[in-house]
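K.L.:
4 protein chains.
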Amino acid sequence: MSLQFDITPGSPEPIYEQIEGHIRRQIATGSLVEGDQLPPVRTLAEQLTVNPNTVARAYAELTAEGLVESRTGRGVFVAPRRQIFSEEERNRRFHRAAWRFFDETAFLDIPVPEMVRRLEAAWPDYFRKTPTP
Amino acid sequence: MSLQFDITPGSPEPIYEQIEGHIRRQIATGSLVEGDQLPPVRTLAEQLTVNPNTVARAYAELTAEGLVESRTGRGVFVAPRRQIFSEEERNRRFHRAAWRFFDETAFLDIPVPEMVRRLEAAWPDYFRKTPTP
Amino acid sequence: MSLQFDITPGSPEPIYEQIEGHIRRQIATGSLVEGDQLPPVRTLAEQLTVNPNTVARAYAELTAEGLVESRTGRGVFVAPRRQIFSEEERNRRFHRAAWRFFDETAFLDIPVPEMVRRLEAAWPDYFRKTPTP
Amino acid sequence: MSLQFDITPGSPEPIYEQIEGHIRRQIATGSLVEGDQLPPVRTLAEQLTVNPNTVARAYAELTAEGLVESRTGRGVFVAPRRQIFSEEERNRRFHRAAWRFFDETAFLDIPVPEMVRRLEAAWPDYFRKTPTP
DNA sequence: GTGGTCTAGACCACG
DNA sequence: GTGGTCTAGACCACT
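Protein sequences appear in the order of chains P, V, A and G.
Its first residue numbered 1, the first sequence is counted upward by one per residue in this note's numbering.
Its first residue numbered 1001, the second sequence is counted upward by one per residue in this note's numbering.
Its first residue numbered 2001, the third sequence is counted upward by one per residue in this note's numbering.
Its first residue numbered 3001, the fourth sequence is counted upward by one per residue in this note's numbering.
1. Determine the DSSP secondary structure at Gly-2021/A, reduced to helix, strand or coil.
2. Just how far apart, CA to CA, sit Ala-1060/V and Trp-1099/V?
3. Determine the closest residue to Asp-36/P out of Ala-79/P, Glu-65/P and Phe-94/P, with distance taken between C-alpha atoms.
4. Give the range of the beta strand (DSSP E) segment to which Glu-69/P is assigned.
5. Measure the Cβ-Cβ separation of Ala-2058/A and Pro-2052/A and say whether it is below 8 Å.
6. List the residues of chain V that Leu-48/P touches, going by C-beta distances under 9 Å, in chain order.
7. Would you say Pro-3111/G faces chain P, with C-beta separation under 8 Å as the test?
8. Name, in chain order, the residues that DSSP records as bridge partners for Gly-2075/A.
9. What residues of chain P sit near Glu-1104/V, judged by a beta carbon separation below 8 Å?
10. Among Ser-2011/A, Pro-2124/A, Ala-2122/A and Gly-2030/A, which has the Cα closest to the Cα of Leu-2067/A?
11. Confirm, please, whether the CB-CB distance from Phe-2085/A to Phe-137/P is below 8 Å.
12. Ordered along the chain, which non-local residues of its own chain (more than five positions away) have a Cβ less than 7 Å from that of Thr-130/P?
13. Are the CB atoms of Pro-3014/G and Thr-72/P within a distance shorter than 8 Å?
14. Would you list, in sequence order, the uninterrupted alpha helix (DSSP H) runs of no fewer than 4 residues that lie entirely inside the region 3005-3054 of chain G?
15. Under 8 Å Cβ to Cβ from Arg-1118/V, same chain only, skipping five residues before and after it: list those, please.
16. Within 10 Å of its beta-carbon, does Asp-6/P have 16 or more other beta-carbons around it, so buried, or fewer, so exposed?
17. Which of the three DSSP states is assigned to Phe-2101/A in this structure?
18. Here's the rule I'm using: 16 or more other beta-carbon atoms within 10 Å means buried, otherwise exposed. How should Asp-177/P be labelled?
19. Starting from the Cα of Phe-1077/V, find the closest Cα among Glu-1065/V, Gln-1047/V and Leu-1038/V and give me that residue.
20. Considering Cα atoms alone, identify which of Glu-2017/A, Phe-2094/A, Ala-2122/A and Thr-2043/A is closest to Gln-2004/A.
21. Report yes or no: is there a C-beta of chain V within less than 8 Å of the C-beta of Tyr-59/P?
22. Going by Cα to Cα distance, which pick from Val-2112/A, Ile-2019/A, Arg-2081/A and Thr-2105/A is closest to Glu-2034/A?
23. Just the chain P side, please: which residues come within less than 8 Å of Tyr-1016/V by C-beta, in chain order?
24. Please name the residue in Leu-2108/A, Ala-2097/A and Phe-2094/A whose C-alpha comes closest to that of Glu-3089/G.
25. Could you tell me whether the Cβ of Ile-84/P comes closer than 8 Å to any Cβ of chain A?
26. Identify the contact partners of Glu-2089/A in chain P, using a Cβ-Cβ distance below 9 Å as the criterion.
27. Since I believe Val-3112/G is in contact with Val-2116/A (beta carbons under 8 Å), could you give me their beta-carbon distance rounded to a whole number of angstroms?
28. Using only alpha-carbon positions, find the residue among Glu-3087/G, Tyr-3016/G, Glu-3114/G and Phe-3094/G that is nearest to Leu-3062/G.
29. Excluding the five sequence neighbours on either side, which residues of its own chain have a C-beta within less than 8 Å of the C-beta of Gln-3018/G, listed in chain order?
30. What residue from Asn-2091/A, Glu-2020/A and Phe-2127/A has the CA that sits closest to Thr-2054/A's CA?
31. Determine the burial state of Leu-2121/A: buried for a count of at least 16 other Cβ atoms within 10 Å of its Cβ, exposed for fewer.
32. Here's the rule I'm using: 16 or more other beta-carbon atoms within 10 Å means buried, otherwise exposed. How should Thr-3132/G be labelled?
33. Among His-1095/V, Ala-1106/V, Ser-1070/V and Arg-1096/V, whose alpha-carbon lies nearest the alpha-carbon of Phe-94/P?
34. So what does Phe-2085/A bridge to, in DSSP terms?
35. Just to confirm, are Ala-64/P and Val-41/P a CB contact at a threshold of 8 Å?
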């Protein structure tokens, strides 16, 4: 439950998004399940040596998305799994991610079938990256 | 050579990246080949109704990447095709893009096979974004 | 388009939520329509005499909700209307709001039919509160 | 008199407010009448597995409002019913609650008549939240 | 000029 | 102790 991970401060991806990403992944892969408590804002901030506000922002966005919920005075906990977005919105988000992916890979000269193959191959690796402690 | 395409003002993707993307894709798919001239900065800026600086930036980055080259006084031309990135670099970029894609889609609750199917389905649409003139 | 409104700093409702509320209402009632630009963060911050970060936070949340979209370097604009939440999530939010309403009115000793009548009567007033300039 | 109810730990509504709400409702609906004794702070705290301070706070606020009264050494009892708020105050509170409700539901795209219908439908459910023992 | 990120540090509400 | 809000001020990316 201690959420072992690092962030890369210089990256174009903002720190709070990196934090969100790690936690989302833990939830998506089942490393964190409903009712689990996230580390306190100050603790995680210290561990990552970032400002508490930055962690708080990540928690706030995850809360807004409904992935976690905050119980005042007690901490932030993984929320029961729900379907938050409409079919339409999920399609929109999928398309946005897909196009971004195409944009970032189009000039790598990898043919589409090969790309898809690689993507399928990368998935278990991604899934496993999150250490189940 | 007149580069028919639109940019999406509402997108979070910066305009200069959208322009770069379109040109990269034209080159990747063979719509633009070695020696073809790109439209002058001012012309393209007018056509897209964006700031000339924005177009200039896109051209500059493509030049830096070696995809196009500027012949002073005459314009910007598609460069001879060569292997720009090392195998290692291409793998690195592919992985980064793939992980970002996973991060953005993991919590959409779309199973992997379905995701792959959708991705393959989205490609022609993406490709068509830039009509080959 | 100048968004005439005040905020009450002492209120239990946080300032950024008050700002969000006003803008949501303007959009809900049609005072702000797709494509309209919101006042710049700094301008609105000055007008309300709050910190720019506070306004930025309100804008960020509205952006996350999909009600507005930010075009980098140019400003924040009202987004095309979309159905963002699933039926389930909308029900959940409606129920939460309804129960909160009941909690806040239960001890006012107003019988339910009377309450409903009053609520219907209050709506046009609410709707009109947002000045169409 | 044993006050059968649960609190929802995941809710954004603070626990002490949930407790207050339940008791207010019991009084409003006649489940608790003048002279009835509330369970001792420690007992209720144990039953709900919350901090005794939290229960104490709820009792304190209800006492301050005049809904219950504490007879030192013997416990807390439901106070004689009286008009607690002036007509004006009741209108003010109703309006505040109504506007908050509108704010939270305006962007759910539910037409007013449908909203009223749903609200009426939700009431019995809300009422039942506290089973009359 | 626009918005977005991050830090530092204060203050409050809840338990 | 927990998270949440707000301010002040710096720095960056994009147009």
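Note that the Cβ used here is the ideal one computed from N, Cα and C, for glycine as well.
P.N.:
Quick answer:
1. helix
2. 28 Å
3. Ala-79/P
4. 68-71
5. In this structure, Pro-2052/A does not lie closer than 8 Å to Ala-2058/A by Cβ.
6. Under the 9 Å cutoff, chain V gives no residues; its nearest Cβ is about 18 Å from Leu-48/P.
7. no
8. Arg-2071/A
9. Arg-93, Arg-96, Ala-97 and Arg-100
10. Gly-2030/A
11. The question about residue 137/P has no answer, for chain P in this structure spans 1 to 133.
12. Confidence is the limiting factor: at Thr-130/P the pLDDT is only 48, short of 50, which leaves the residue's position unreliable, though a coordinate-based value still follows. Same-chain partners within the cutoff: Arg-25, Gln-26, Thr-29 and Ser-31.
13. yes
14. 3015-3028 and 3041-3048
15. Taken in chain order, the residues that qualify are Ile-1110.
16. Flag for Asp-6/P reads exposed.
17. helix
18. No answer is possible for residue 177/P: it lies beyond the span of chain P, which begins at 1 and ends at 133.
19. Nearest option by C-alpha distance: Leu-1038/V.
20. Thr-2043/A
21. no
22. Arg-2081/A
23. Within 8 Å Cβ-Cβ: nothing; Tyr-1016/V doesn't reach chain P, min ~13 Å.
24. Out of Leu-2108/A, Ala-2097/A and Phe-2094/A, Leu-2108/A has the C-alpha closest to the C-alpha of Glu-3089/G.
25. yes
26. Gly-66, Arg-82, Gln-83, Ile-84, Phe-85 and Ser-86
27. Not confirmed; about 11 Å, so no contact.
28. Tyr-3016/G
29. Ile-3007, Thr-3008 and Ser-3011
30. Glu-2020/A
31. Residue 2121/A is actually Ala in this sequence, not Leu. Result: exposed.
32. Interpretation of Thr-3132/G is limited by its pLDDT of 38, a score under 50 that renders its predicted location unreliable; no figure is taken from the coordinates.
33. Shortest Cα-Cα distance from Phe-94/P to any of His-1095/V, Ala-1106/V, Ser-1070/V and Arg-1096/V involves Ala-1106/V.
34. Bridge partners of Phe-2085/A: Phe-85/P.
35. No, the pair does not count as a contact, with Cβ atoms beyond the cut-off.
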